[in-house]
Every structure is written in structure tokens, then in C-alpha cells.
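Working notes, structure below.
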Amino acid sequence: TVPCGKHRIMELVSTTVYSNIDTPRQRRRDRGLHNTMAEANTDTPTARGSTRGVTSCRGYIKSWEFAEILLCALPLLLGGLLELSWVNPRRRPIPYQYLESTGDYVVNQVYNEKFAGETVSTVILAIVGGWAPCMLQLILAWFFDRRLRRDLLYKTVCVYLAGIGLTALLTNCLKLYVGYLRPIFYDQCQPNENFEYCENGEERQLRLSFPSGHASLSICGMLLFSQYLEQAFGAYSHLYCGSSVSGRDDTAPMEPLADVAGQASYSSTSMDGDQEQVPVMITSTSPSSPPPTSPSSNHKVRLGRIVSILCYSPMLVALFIASSRVVDNKHFPADVVAGSLLGGSVAKLVFGIWFPPWPAASFYLV
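If you read the sequence shown in the numbering used here, its first letter stands for residue 1, the second for the next number, and so on.
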């Protein structure tokens, strides 16, 4: 008869050969075997599943992947703290001119625009510019890249946390440092007779015109998503042997990437030093060699160029959000341009770090 259950595990433990050297890795392996034996002694399948879930969750919290996610979320936390009202911007004097001949005050008409409401509120910006592209990319990574699903999911979370977080942090730092007045400053400020202070309580927000936060955040979020679409379905996917971000066709046989020593590379090392043997499945095209093409695939490459342009169609939403700030008199055109450049630069930087273009990605150990 074939032993099963805890008896089978006990037999495997008794017949396994271990090193006689007492090392930290050996002790960690022994603790893992002890946990496996304790799990086998659990009576109900539900309890066994619950124990494995708790163990897996604790192991992931100790992994470097979870530590990377926390580090990527740090700029977002700092950027949110700068939004608090106790952090005041640079206080510029209220611009005015006193006419001694008549005794009247003349205001600068540049800051005397009327405010009729916001086209895109802050809540809509957070949903459309941040959450929506992130969730769509997570869905695409879940369904279109089965072999690298876990790796792509956590990279997507990291790239959006780092991109949106750095954009928000830099935007708020510049807003507080510059303290530029909004076009609707006089309309919302209601300064006193001597133009020394605002009688309205929203003075802080009226001094945060440069750069535009709506422009920077929307451009960053949509550009991250557009770059992912372009790398997954655009020209790169046809040039470098695959139709997905993993760089491989899902129907092609799986081949591990060989490192310099010619052996398969593995990833996901925990903070305790334990390594999880996960083969890295990416292409092995060298940067010096041309992409593999054939006459039969030339039409796919040409089509991929057109698809690459269409992949950037989400940028139209970001451009609408950015331009609406000028229409609403919340920002000057220079504020929107500066915010767009800032958000686009951050998006290009962080996406190139976590999702490098092929063939450069062939030498990235995940």
C-alpha cells in the first residue's frame, strides 16, 4: 500500500538527505519541514487551507517584493501629507496699484478672472487619472500574460505607486515653493480694503497655481497605461517574438533566460535570505543583434506601428483634463504645460525602470 497523509510526509522526511553542517539556511529548512509536518496533522481540509494561507501571507510580507511596494508607496504618502492645510505656500504680496490722484486701488486684471466651477473635480481626477488606468492594466496583465502573471501584477502596482506618488510629491513641492496666484485670485480671495489679506478662508488654495496638479497627474497615469498598451500590442510585440508584455507568444514553448554563467535565472528572494525558485521567462535577444523578422511577419510589423499610435489614445483623456483647467480659469496655460511635462517625464522614467523596452528587457533579472 502507498502511504498517504501525514505518514507519507513522515516517510519523505525520513528518507531526505540533508547536510550535516548546521547553517542558518539548514535551520530555516528544518523549520519549514516542521511547519509542513504540523500542517499535515491538521484534521480538516479547511483548516489546512487556512494554515497555508496564513503561512503564505506571512512569507510574502517578509519578501523583497512587499518591501518594494512599500517603498514605492512612500512618495504617495509624502505627497498626500503636503496637501494638508498646515503646510503653507510661499506668501506673495497681493498685487495692486494705488492711484494717489484719485485715491483708488487698481488690481491686476490677470488675476481677476471669474470662477464658474470645475469641469473635472479632484475625485474624478483620482478615478480617471489614477485608479482606472491602474485597474485596466492589472486586468490586462491577469488575462494576457499567464506565465508572468504574479510578476506583472506586482510590477504594475509598483509602477503606478511610484509614478503617481513621485508626480504628486514633486507637484506639491513646486506649488508650495513657488506660491503662484491663480487667475481667479481676486474673485475668490475678496481682499480687504488695504489688500493685505484675504477675507475668504480659501487663500491657501488660491496660491497653488504653478504647476497644474490635474495636468501632471492625469498625464502621468494615462501615459503609464498607454506605454503598457504600446509595449503589449504595438510594434515591439511583433518585432521581438511575442504579442504580450512578457515578450513571448503564449503558444510558444517556455524557455528560461540564461545568465552570464549559462544557467537559468531565478527571482523573488525573501528578506530572510530564502530564495523562491521562479524561472524568469523573457526573451534572449541581445541588444547588438537585429530583431528577428521574416517576410511573412513584415505586415504584422507595419500593422503594429499603426496599433502603437492607437495605444496612445488614452492620452486624449489626459489632454482634455489638462486643458479644462485653463477653461475653468483655475490655471494659466504655463501651469498646464509645466504640469504636463512633469507628469510625462516621471511616467517615462518609472515605466522604463519596471517595464524596460525590448531588447533591453532581455537582460533584466526580475
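Glycine included, C-beta positions come from ideal geometry on N, C-alpha and C.
What you are looking at is a predicted structure, and each value in this text was computed from that prediction instead of being measured.
Asked	Found
How far does the alpha helix (DSSP H) with residue 151 in it reach, from first residue to last?	149-178
Applying the criterion that 16 or more other CB atoms from any shown protein chain within 10 Å of the CB defines a buried residue, is residue 202 buried or exposed?	exposed
Which first and last residues belong to the beta strand (DSSP E) in which residue 328 is found?	Neither: residue 328 is in no beta strand (DSSP E) and is coded neither H nor E.
Pull up the distance between the alpha-carbon of residue 157 and that of residue 76, whole angstroms please.	12 angstroms
Pull up the distance between the alpha-carbon of residue 352 and that of residue 104, whole angstroms please.	57 angstroms
In the DSSP output, what is residue 208 paired with across the bridge?	Its beta-bridge partners do not exist; DSSP assigns none.
So, is residue 228 buried or exposed, given that buried needs 16 or more other C-beta atoms within 10 angstroms?	buried
Under 8 angstroms by Cβ, that's how I've got residue 166 and residue 211 pegged, so tell me the actual separation to the nearest angstrom.	Not quite, the Cβ-Cβ distance comes to about 14 angstroms (not below 8 angstroms), so this is no contact.
Any contact between the stretch 101-115 and the stretch 127-144? By contact I mean 3 or more CB pairs, one from each, below 8 angstroms.	no
Rounding to the nearest angstrom, what Cα-Cα distance links residue 357 and residue 73 in this structure?	24 angstroms
Could you tell me which residues DSSP pairs with residue 198 in its beta bridges?	191
Between which two residues does the beta strand (DSSP E) carrying residue 109 extend?	It is not in any beta strand (DSSP E) - residue 109 carries neither H nor E in the DSSP assignment.
According to DSSP, simplified to helix, strand and coil, what is residue 310?	helix
Quick one: what's got a C-beta closer than 6 angstroms to residue 66's C-beta in the same chain, skipping five residues either side?	60
By the 10 Å Cβ neighbour count, where 16 or more other Cβ atoms means buried, how is residue 114 classified, buried or exposed?	exposed
Apart from the five residues just before and just after residue 261, which ones in its own chain have a Cβ nearer than 7 angstroms to its Cβ?	Because residue 261 carries a pLDDT of 38, less than 50, the predicted location of this residue cannot be relied on, and no value is offered for it.
With DSSP as the reference, please indicate the residues paired to residue 104 in a beta bridge.	99
Quick one: is residue 89 buried, meaning 16 or more other Cβ sit within 10 Å of its Cβ, or exposed?	buried
If you draw a straight line from the C-alpha of residue 117 to the C-alpha of residue 328, how long is it?	7 angstroms
Go ahead and pull the three-state DSSP assignment for residue 226.	helix
Considering only the beta carbon of each residue, do residue 225 and residue 310 sit closer than 8 angstroms?	no
Please confirm whether residue 168 and residue 79 have their CB atoms less than 8 angstroms apart.	yes
Under a three-way DSSP split, which group does residue 323 fall into?	helix
Measuring alpha carbon to alpha carbon, tell me which of 112, 153, 100, 144 ends up nearest residue 206.	112
For the pair the stretch 182-198 and the stretch 141-153, tell me if three or more CB-CB distances fall below 8 angstroms.	no
Determine the direct distance from the alpha carbon of residue 312 to that of residue 125, and round the result to whole angstroms.	19 angstroms
Tell me the rounded alpha-carbon separation between residue 87 and residue 209.	15 angstroms
Between which two residues does the alpha helix (DSSP H) carrying residue 333 extend?	333-354
Keeping to the same chain, check which residues put their C-beta closer than 7 angstroms to that of residue 315; ignore five residues upstream and five downstream.	222, 223, 226
Which same chain residues, not among the five before or five after residue 142, have their C-beta less than 8 angstroms away from its C-beta?	149, 153
Under three-state DSSP, which class holds residue 85?	coil
Helix, strand or coil for residue 63? Go by DSSP, reduced to three states.	strand
Checking 8 angstroms against the spacing of the C-beta atoms, do residue 334 and residue 218 come in under that value?	no
In this structure, does DSSP put residue 203 in helix, strand or coil?	coil
Assign residue 355 to buried or exposed, taking buried as 16 or more other Cβ atoms, counted over all protein chains shown, within 10 Å of its Cβ.	buried
To the nearest angstrom, report how far apart residue 139 and residue 91 are at their CA atoms.	45 angstroms
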